[in-house]
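Q:
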Amino acid sequence: MKINRYIIRILSFILFFSFINMNIAYGSISENIKFNNITIKDGLSQSTVDSMYQDSKGYIWIGTNDGLNRYNGHEFKIYKNDKYDKNSIISNFIIDIKEDKNGDMWISTLEGLSRINTDSETIRNYTSDENGGNLSNNGVCQVLSTKDNKVIVATEDGLNMYDENNDRFFRILDKEDDLPSQYIYSVKEDSFGNIWICTDAGVIEFDKNLKKLNSYENTIGKVEAYTTYDDLLGNIWVCTLDSGLFRINTRNQRVDNYRHIKGKQSILSDEVKDVVLGPKGKLWIATEGGLCNFDYEEEKFTAYKKDFFEEDSIVNDKTRCLLKDSSGLIWVGAYSGISIFNPRNNFKHYKANPFDKKSLSGNMVNSIYREADETLWIGTNDGGINIIEGDTIKHLKKENSNINSNEVYEIIGFKDKIYVGTNEGLSVITKSDNGNYSITNYTVKDGLPANKVRSLIIDSKGNLLIGTVKGLAIFDTSSCRFIDKPEIFDEIGVSDKFIRSLYEDSKGNLYIGCFLEGGLIKVNLDTKTHKIYKYNPKDNTSISNNTILYINEDIDGNILVGTNHGLNILNPDTDKFTHYTENDGLINNTVYGILVDKNNYVWMSTNGGISMFSMQDKTFRNFTVEDGLQSNEFNGGACFNSEDGHLYFGGINGFNIINIDNIQISTFKPKVIFDGFEVNGISKKDINNMKFEFSENNIKINYFTNDYKNTKNTKYYYRLKGLEEDWNETRSNLLTFAKLSPGDYDLEIKTITQHGIISEVSSVKFTIKPPILISKYALCLYFILIILAIYVARSKVKTLDSLVNIRTNELRKEMKRNEELFNQLLKLEKTKNNYFVNLSHELRTPLNVITSINQLIISFIRNDQIVPNEKLSYYMDAMHRNCNRLLSLINNLIDYSKMENNRYVINKESVDIVYLVEETVLDMKDYIEDKGIELIFDTDVEEKSIECDKLDIERCIINLVSNAGKFTPEGGLIEVKVFDLDTEIKISVKDNGAGISEENQKIIFDRFNQGIDKTSEQKGGSGLGLTITKQIIKLHNGDIELKSKPNVGSEFIITLPVK
């Protein structure tokens, strides 16, 4: 029941105000300020904010009743008391925050004083305990760091001076005649170095040596003085908790007191907590009754109070403290959080409030017109017309007048009449001397093509041109009758008759903007000549889009056209367009309204804010809701340029007024501050000029900017020199670089304000060291080893030369033994005549060489001739090679014989198969590459032990690689790979040589079969290599298979068990 009664009350309240708005309302219209609010929902530790401070690095420090907060625009770092942690602040109830010359933060609390070293994150606490630092009282109200680097602490029981050498405090000004009270709220220093002390019994001024200058007993009295503020204009402002605000003129000692007067435009409360000077001669004041500003020139207060129906109103009326940051933003600390606003507001904002009859009747503003007497006409989407005269506003609606619709799209004045285009036709309004309005309405019955009017202009003949959704109408303003409706669209063959914009240029040409893809039409109504401008994708000088939203002309006679795809500037001399879009700096491509100020700057309302374009420099300055705009979204055609230089733009949340003579563009140059680093997940305070190991190559970098205007949409630009040279854009305040290669890096970051001001580039340099195997020291070691290897090799060559003679005799004997053995084998293997036919060619060649050499040597001996050393060495080498060739053939025959008789024995041992295969391949690399063939080894495992006969497996690999080398042409490739299959190992030998036919693949492993064609026979071979290889693999309980295609290549795959 209580809930129902509550709902009924709300509905009654709404109906009551709806009834009030049924009549023409008179009242004053007030300007709005947009606040960006920060609460506990955003991460604030507690909602009551008593103090704020911006340190030299750019952080905002916020003191609440439950913790200290450090804010960077993105996230909070919270400091709280922890009785189990000595490195924590003394109390969670924060009263004041200051920074000293060393960058240390002094935190005043109800239970003592904390000093934070922000570099080392160490905290030192001071209390009134003798062992803790000798403060006179634990209730610390404020800290002052003076220009001459003294630290003075105000407490609830006296002042304390800090002795830096001994890290202790001593009491000052503790005599009865020094101060009117020892309960000290604040201690401040003015621009002259004088010290101002506020107590609960008055304010006192001292010089820098703490000699009393003035007690202000007679002018201010024993008020509860809370704090002072030097506005640098010759005034000291004294905030009190019971007597309002005092202004002391330091030049003539005049004192003014500003008190709250109920019902008048005065300061909001006599309990004043803080003041700060903003731009444009306004002093901002935090009171218990709300925020207000004081205009120095007009001596006038303007109040800003909490509106529970507006998200962007101040967070709470109980304001506690103020901060003006380095960019000029003002931060308001209150009982419910923080409100931030830009006092350099170039845009006055007016909007509707359903519970305030003094505001607009609707927020959706479609049209704006201002008369010569400064009467302002505002057309809304559903609230009719608002007529603003000075500080009063009247609402003209269908409910209280004869106007034909509350949906107003266009308003224009001419002579003594106001012409209004609505969704139900045309209304002509005449104002009488008594302030009443007579209204005549015109619809399709009277000659309009359609009732939905979207554009109105007065042409050079004094006629009213009316653009509707179904064509153009001309209204004679003298006779108040429609002239014969021109059939322009039918004559020129344009089907899109939806007219969104009309404009007559300085030469008398009429421009018609079509809304439904009809493009732009230029027409002369007298001569009927016309030209249609439409988008042509093949012509970059054509108009960029066929939906025309607004048309205007600049001072030089260029036609400015707003479309759904940016600004188009038509040069009437060349009849060509120049386009400007988001890529060129335009804030948004949908251009709703275009105004040209007296300096030929082009102002455009869009779906993303307002852009100011310099026709001379071709540059943009952009403005958003953070600058005071009613919203980032505006409405089509809702703009007006007054003769005195004021620009008006309407949108979805009211309208803005811009005084171009009073525009203040911020020159604040922001900076980017690094806010911590992580290396492989380990936090580091700083990494500048640090060197990291090769494995420490995953780096995260946090940063922020001291431009707090719109931190959620701040654009950062960065590049990591050493990895890239181009700038990258991001809206994140965190960069992550993973698996960086060894090298020197320089990370550069900058930001650009929406007004185009580029920050200084912040940078951090670091190095990733190379792995130890390719470090400088390792490379030096490799060089030494290479030199040593060359030396050893040369020594080895000399030793081998000395053995040549000995080896020559041994080869002679070995040759004879081989001949005898060969003859025996021929006799024993009569059954293998076919094999010997093939083998004979292999044997004949080395034997012929050996025999020839033997005969030559015998000839020399018989003739008592001496064989020259060079010839003898050559003969011996040739004999050695051919003997080895014969020996290999014979060994194959012997081993095969053993295998046939089951007498071949393998000796298994634990062998690293990967290492064995790799070493075998490396040993054959020179041999294979001498043939012009590339030999590659690869593996998917670094090591793998198996049980095998090391020599036999090595022999198998040699056989397969040798065979591949024989049948792979010059320029070919042989790949040897090892694959780990857990319980098995696979060894692949693959070439891209001649390949083997399908028929020969079947008999390739048969004994004495080479499995080759005539071309292959020329390559040589015993025919037993593959047979022996297969037998060895079988003895290891393994397998060997062949994959081959003629003219593509062959692959032999050995599979061996691990055990």
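Residues in the sequence shown are numbered from 494 upward in steps of one, following this note's numbering.
Glycine residues also receive a C-beta, built at the ideal position from the N, C-alpha and C atoms.
1. Only counting the same chain, and skipping five residues up and downstream in sequence, which positions put a Cβ closer than 6 angstroms to that of P1539?
2. In the stretch 655 to 716, which residue ranges form an unbroken beta strand (DSSP E) of at least 3 residues, counting only runs that do not cross its ends?
3. Within this structure, are the beta carbons of T1520 and D1484 separated by less than 7 angstroms?
4. Taking only runs that begin and end inside the stretch 1421 to 1456, name each unbroken beta strand (DSSP E) of 3 or more residues, in chain order.
5. Could you work out which residue in T873, N1394, L672, Y722 is closest to K705 when comparing CA atoms only?
6. Determine which residues share a DSSP beta bridge with G560 and list them.
7. Kindly list the residues whose CB is nearer than 8 angstroms to the CB of E453, restricted to its own chain and excluding five residues on each side of it in sequence; keep chain order.
8. Tell me whether the beta-carbon of Y1026 lies closer than 7 angstroms to the beta-carbon of G1012.
9. Write down the C-beta distance between L475 and I807 rounded to the nearest angstrom, noting that I regard them as a contact closer than 8 angstroms.
10. For the stretch 878 to 895 and the stretch 1160 to 1169, state whether three or more C-beta atom pairs, one from each stretch, are separated by less than 8 angstroms.
11. Reducing DSSP to helix, strand and coil, say where H1373 ends up.
12. When the distance is taken between beta carbons, is F1148 closer than 7 angstroms to V901?
13. DSSP three-state label for S1288, please.
14. Kindly indicate which residue of V1084, S832, G536 has the alpha-carbon position closest to the one of I526.
15. In three-state terms, what does DSSP make of N856?
16. Which runs of the beta strand (DSSP E) spanning at least 3 residues fall entirely within the stretch 789 to 830, listed in chain order?
17. Would you kindly work out how many angstroms separate the C-alpha atoms of T712 and I609, rounded to a whole number?
18. With H, G and I counted as helix, E and B as strand and the rest as coil, what does DSSP make of L1519?
19. Span of the beta strand (DSSP E) holding D983?
20. Kindly list the residues whose CB is nearer than 6 angstroms to the CB of D1237, restricted to its own chain and excluding five residues on each side of it in sequence; keep chain order.
21. Just mark Y572 as buried or exposed, buried being the case when its beta carbon has 16 or more other beta carbons within 10 Å.
22. Just reading off the alpha helix (DSSP H) that E1477 is part of, what are its end residues?
23. My parser needs the beta strand (DSSP E) runs of 3 or more residues fully inside the stretch 1128 to 1188; what are they?
24. Which same chain residues, not among the five before or five after N1029, have their C-beta less than 6 angstroms away from its C-beta?
25. Counting pairs of beta carbons, one from the stretch 1167 to 1187 and one from the stretch 870 to 882, are three or more of them closer than 8 angstroms?
26. What residues are listed by DSSP as bridge partners for C785?
27. Output the boundary residues of the beta strand (DSSP E) element that contains E1222.
28. Per DSSP, A845 is paired with what?
29. Name the DSSP beta bridge partners of S948, please?
30. In angstroms with no decimal places, state the Cα-to-Cα distance between E1447 and V1410.
31. Relative to the alpha-carbon of H1529, which residue among E1544, S1537, T1548 has its alpha-carbon at the smallest distance?
32. With a Cβ-Cβ cutoff of 7 angstroms, do N558 and T532 count as a contact?
33. Using the Cα positions of E864 and N934, report the straight-line distance between them to the nearest angstrom.
34. Using DSSP with H/G/I as helix, E/B as strand and the rest coil, what is I1387?
35. In terms of DSSP beta bridges, what is T1020 paired with?
36. I'd like to check one pair, K817 with A827: are the Cβ atoms closer than 7 angstroms?
A: Short version:
1. So the qualifying residues of the chain are G1488, S1490.
2. Correct list: 661 to 665, 677 to 682, 688 to 692, 695 to 699, 705 to 707.
3. Not closer than 7 angstroms, so no.
4. List check, beta strand (DSSP E) in window: 1427 to 1432, 1438 to 1441.
5. If we check each option's Cα against that of K705, L672 comes out closest.
6. The partner list for G560 (beta bridge, DSSP) reads T557.
7. This structure gives no information on residue 453, because the portion of the chain shown stretches from 494 to 1552.
8. For the pair Y1026 and G1012, the CB atoms are nearer than the 7 angstroms cut-off.
9. One cannot answer for residue 475 here, as it falls past the ends of the chain, which runs 494 to 1552.
10. Flag = no, the stretch 878 to 895 and the stretch 1160 to 1169 do not touch.
11. Helix at H1373.
12. Their beta carbons are not under 7 angstroms apart, which means V901 does not touch F1148 by this criterion.
13. Reduced to three states, the DSSP call for S1288 is helix.
14. The shortest C-alpha separation from I526 is found at S832.
15. Reduced to three states, the DSSP call for N856 is coil.
16. Those beta strand (DSSP E) runs which fall completely within the stretch 789 to 830 and span 3+ residues are 793 to 797, 812 to 817, 823 to 827.
17. Whole-angstrom Cα-Cα distance: 40 angstroms.
18. If DSSP states are grouped into helix, strand and coil, L1519 belongs with the helices.
19. Counting along the chain, D983 falls outside any beta strand (DSSP E), though it belongs to the alpha helix (DSSP H) covering 981 to 985.
20. Non-local C-beta neighbours of D1237 in its own chain, meaning closer than 6 angstroms and more than five positions away in sequence, comprise G1215, T1260, ordered along the chain.
21. With 16 or more neighbouring CB atoms inside 10 Å of its own CB, Y572 falls in the buried class.
22. No alpha helix (DSSP H) contains E1477, which is instead part of the beta strand (DSSP E) from 1477 to 1484.
23. List check, beta strand (DSSP E) in window: 1139 to 1144, 1147 to 1152, 1165 to 1172, 1175 to 1177, 1183 to 1185.
24. Beyond the five residues adjoining it in sequence on each side, N1029 comes within less than 6 angstroms, by CB distance, of S1035 in the same chain, given in chain order.
25. No, the stretch 1167 to 1187 is not in contact with the stretch 870 to 882.
26. DSSP, once it has assigned bridges, lists I778, A796 as partnering C785.
27. Start and end: 1221 to 1223.
28. DSSP lists L853 as partners of A845.
29. G960.
30. Linking E1447 to V1410 through their CA atoms gives a straight-line distance of about 7 angstroms.
31. The option with the nearest alpha carbon to H1529 is T1548.
32. For N558 and T532, no; Cβs fall outside 7 angstroms.
33. Approximately 21 angstroms between the Cα atoms of the pair.
34. Residue state, collapsed to three classes: helix.
35. According to DSSP, T1020 bridges with nothing at all.
36. No, these two residues do not count as a Cβ contact at 7 angstroms.
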